[in-house]
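Under our numbering, the letters of the sequence shown match residues 1 to 265, in that order.
Note that the Cβ used here is the ideal one computed from N, Cα and C, for glycine as well.
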Amino acid sequence: MKTAFDDLLHGVRTIGQEELLPRFRGRLTVEEKHDGSLVTSADHAVDARLRGLLGELFPGLAVLSEEQPREAQQKVLSSAKPFWLLDPLDGTTNFVGGLPFFAISLALVDAYGVEFGATYDPVRDELFSVMRGAGLRLNGAAPPARQFNPRELEQCTALVDCKRLPPRLATALAVDPPYRSQRNLGACALEWAWLAAGRADLYLHGGQALWDSAAGTLMLAEAGGRMTDLDGGPVFRRSLDRPSAVAARTPELQERWLRWLDTRR
1 MKTAFDDLLH GVRTIGQEEL LPRFRGRLTV EEKHDGSLVT SADHAVDARL RGLLGELFPG
61 LAVLSEEQPR EAQQKVLSSA KPFWLLDPLD GTTNFVGGLP FFAISLALVD AYGVEFGATY
121 DPVRDELFSV MRGAGLRLNG AAPPARQFNP RELEQCTALV DCKRLPPRLA TALAVDPPYR
181 SQRNLGACAL EWAWLAAGRA DLYLHGGQAL WDSAAGTLML AEAGGRMTDL DGGPVFRRSL
241 DRPSAVAART PELQERWLRW LDTRR
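Here you go:
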């Protein structure tokens with residue numbers, strides 16, 4: 001039997017195809033926000049449509065969006081009620097530059113953390129979704145099994161963004177990395193989904209907003225992975241702070257990854 005979550009997933013896919021893809025290939029207005037990041041007409045269009053859809057399917061739940069003023073975001077966080085967390089366009093710089101790696105990301109947050117998450121990549125028509133306790137899904141099915149499962153860091157592919165890392169650690173990663181190969185793809189929520197689906201083995205980011213990590217941290221947890229910040233605390237927090245993120249596809253790799261990072265901070 002179809003549920004409101006099924007209708008929501010269908011709506012996310014439709015909105016991504018109708019609002020993001022035409023603007024990616026056509027006309028787009030771009031502005032710079034006060035923090036130097038970019039916002040586009042695509043961000044605003046997806047934000048408006050998803051807010052409308054969430055209001056229809058889940059009336060009464062607040063929405064915290066990346067595109068809201070900080071005061072409005074904090075007001076949602078200050079309430080004890082469940083709320084929707086929305087990034088209408090994850091990877092805006094990629095989108096503006098014509099790099100086809102971006103997504104819509106959405107999560108439902110309750111008193112226990114993230115209950116539901118969805119990240120949709122319209123270029124590849126890949127919809128990653130997760131419900132607490134029900135496992136990760138890719139277009140409605142379990143993701144394909146990984147063909148090679150590394151057990152040592154030197155066998156791993158890592159997704160690493162160095163720009164907010166401590167300088168000593170960033171230098172160590174550049175000079176003598178412990179992994180086989182490294183990527184920085186520029187869309188945090190989609191990187192989390194790819195890590196959970198087995199397309200990379202390790203993850204490191206110097207500082208993420210809660211809409212960057214919400215859906216993906218639940219996806220990785222449901223796929224058997226592990227994550228903390230660099231100090232061992234939680235990555236996803238009900239806060240506008242931007243904690244670091246350290247993650248791996250297995251508990252064993254996470255332990256080795258954290259140990260290597262700790263000795264080089």
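- Taking the Cα of Arg151 as reference, the smallest distance to any Cα among Tyr179, Gly135, Leu169 is reached at Tyr179.
- CA-CA distance, Leu153 to Gln182, rounds to 12 angstroms.
- Nearest C-alpha to Ala48 among His34, Gly36, Val63: Val63.
- Here Gln147 carries a coil assignment [DSSP, helix/strand/coil].
- DSSP places His10 in the uninterrupted alpha helix (DSSP H) bounded by 4-15.
- Under the three-state reduction of DSSP output, Gly216 falls in the helix class.
- Ranked by Cα distance from Gly98, the first of Glu115, Leu108, Leu21, Val76 is Leu21.
- Within the DSSP bridge table, the entry for Ala141 names Leu138 as partners.
- DSSP, reduced to helix, strand and coil, places Thr157 within a strand of the structure shown.
- In the structure shown, Ser37 adopts coil according to DSSP, grouped into three states.
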